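Chains as they are written, first to last, in this note's numbering: chain A, 71 to 298; chain B, 71 to 298.
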């Protein structure tokens, strides 16, 4: 199927009067700056990263970076916001809400680890640098975690409602979602130090922990997506 | 039973010549300084905490703090080292290695949450401030997490060996330990925002998640220490 290239009358004919098209480069430049910033923060950590290097990698002057995205602190916050947004979008897109609850959880965890595996720099900025290097960006990080917990909770409450879990158990799902988000973060961090472990293996380990539990695992009962 | 107050010949009679007894106050002062520092860092975070306030709360002069424990960064690292040591000791002391594996896990998780609940300032310094405020102390934090993962792994491998888990599954225990440590950290953090939830309840939620798994929970099967 050929790509349908839609043309709205006149929009693609840039006239001298139509200055609005001049605003497009700003988005492009902001993307260049953020891409460069993620790379630089990921490599050096917040404190050691320099705006000179971001400027050099992005091919955008420092005054323009300051004008578009503000201080180093603002820039780091913008990186966290963008990468967190992409991560959560990837998880939502990865889950088919019509399949069985265990498969939904499997798909969500797989989408998370695939994102981390394919965007190691994003993950370093989002999580590892935050823990190991620190920086003044509490609001962004807490907001990201809160959104992740809410997302997981919505999935779990969906499961709970479907299977008739009682009210107390439903109240506990937010707590368990917080635990699951922490488990995923921590395992992703461990995975960065053990890159030889395939994505599917690390996801299967976490899935078995949180779906089957240690109680079943020590008895040799395992969960596998292939059986479904 | 009366407290046996041992007297070693001459040691309690402070002579002008015996200057060694003068070294005791250093330990006492270091404890005063660390207690004050944990409180101040916990309240204000690393960046906003001032050495003036630590000095005032501890009742120890700033030059003496610098002489005993070094810079603000060194002092924060010393706080993390001490509090992490106390936390891990509490967990080890809380687990009876002769009981069933699920009860060992229950006891370890209970010891962790009891420590957090009884030492909220320690926990804020150890974990929440590190994430939300940041600071240049990566080595201490990573070392602490690594020790926690090793400790949990030793418990799980003990379980695994006892129940004849195969080699691949045993290799996975380190990954699952990392996940369990992350789950516990994240849930403790959630708990600080929900202080009305009793310790036993929050521990039971985590125990059910990691021992039973969601698969059992959505079917209404729960784990309870009372049954054992």
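Glycine included, each C-beta is placed from N, C-alpha and C at the ideal position.
Values in this document were obtained by computation on a predicted structure and should not be read as measured data.
inquiry  = Assuming residue 176 of chain A is part of the alpha helix (DSSP H), what are its boundary residues?
reply    = The continuous alpha helix (DSSP H) containing residue 176 of chain A extends over residues 171-188.
key: Beta-carbon neighbours of residue 251 of chain B, restricted to chain A and to distances below 8 Å   = Annotation: Cβ neighbours of residue 251 of chain B in chain A (cutoff 8 Å, chain order): 256.
inquiry  = Tell me the residue span of the alpha helix (DSSP H) that contains residue 133 of chain A.
reply    = Start and end: 132-139.
ask   = Around the C-beta of residue 129 of chain B, are 16 or more other C-beta atoms found within 10 angstroms, so that it is buried, or is it exposed?
value = Under this definition residue 129 of chain B is an exposed residue.
request  = On a CA-only basis, which of B:215, B:269, B:260, B:246 is nearest residue 243 of chain A? Give me that one, please.
outcome  = Nearest to residue 243 of chain A by alpha-carbon distance, out of B:215, B:269, B:260, B:246, is B:260.
ask   = In three-state DSSP terms, what is residue 129 of chain A?
value = In the three-state scheme derived from DSSP, where H, G and I count as helix and E and B as strand, residue 129 of chain A is classed as coil.
ask   = What is the residue span of the alpha helix (DSSP H) that residue 152 of chain B lies within?
value = Note, residue 152 of chain B: alpha helix (DSSP H), 142-164.
Helix, strand or coil at residue 279 of chain A according to DSSP, with G and I counted as helix = The answer is helix: DSSP assigns residue 279 of chain A an H, G or I state.
Distance between residue 136 of chain B and residue 92 of chain B (C-alpha atoms, nearest Å) = Model confidence at residue 92 of chain B stands at a pLDDT of 49, short of 50, so the residue's coordinates are unreliable; what they give is reported in the following sentence. Taken atom to atom, the span from the alpha-carbon of residue 92 of chain B to that of residue 136 of chain B is near 19 Å.
query = Hey, out of B:274, B:285, B:284, whose CA is closest to residue 177 of chain B's CA?
reply = The candidate whose alpha carbon is nearest that of residue 177 of chain B is B:274.
ask   = Should residue 248 of chain A be flagged as near chain B, meaning a C-beta pair shorter than 8 Å?
value = With a threshold of 8 Å between beta carbons, residue 248 of chain A makes contact with chain B.
task = Determine contact between the region 177-186 of chain A and the region 267-286 of chain A, defined as no fewer than three beta-carbon pairs at a distance below 8 Å.
result = Because the criterion of three Cβ pairs below 8 Å is met, the region 177-186 of chain A and the region 267-286 of chain A touch.
request  = State the Cα-Cα distance for the pair residue 281 of chain B and residue 122 of chain B, rounded to the nearest angstrom.
outcome  = Spanning the two alpha carbons is a distance of roughly 47 Å.
query = Counting only beta-carbon atoms, is residue 282 of chain A nearer than 8 Å to chain B?
reply = Answer yes: the Cβ-Cβ gap between residue 282 of chain A and chain B drops below 8 Å somewhere.
message = Using only CA atoms, which one of A:195, A:139, A:174, A:249 lies nearest to residue 219 of chain A?
response = Nearest of A:195, A:139, A:174, A:249 to residue 219 of chain A, Cα basis: A:249.
ask   = Under three-state DSSP, which class holds residue 120 of chain A?
value = In the displayed model, residue 120 of chain A falls within coil according to three-state DSSP, outside both helix and strand.
message = Assuming residue 150 of chain A and residue 113 of chain A are in contact, meaning their beta carbons sit under 8 Å apart, how far apart are those beta carbons, in whole angstroms?
response = Contact doesn't hold; Cβ gap of about 16 Å is too wide.
Within-8 Å CB hit, residue 272 of chain A to chain B = At least one CB atom of chain B sits nearer than 8 Å to the CB of residue 272 of chain A.
request  = Determine the chain A residues that contact residue 245 of chain B at a beta-carbon separation under 7 Å, and present them in chain order.
outcome  = By Cβ distance, chain A contributes 257, 260, 272, 275.
query = In its own chain, which residues sit with a C-beta less than 7 Å from the C-beta of residue 100 of chain B, not counting the 5 before and 5 after it?
reply = Correct list, in chain order: 138, 139.
ask   = For residue 124 of chain B, which residues from the same chain have a beta carbon less than 6 Å from its beta carbon, with the 5 sequence-adjacent residues on both sides left out?
value = Apart from sequence neighbours up to five positions away, the residues of its chain that approach residue 124 of chain B with a beta-carbon distance below 6 Å are 106, 107, 110, ordered along the chain.
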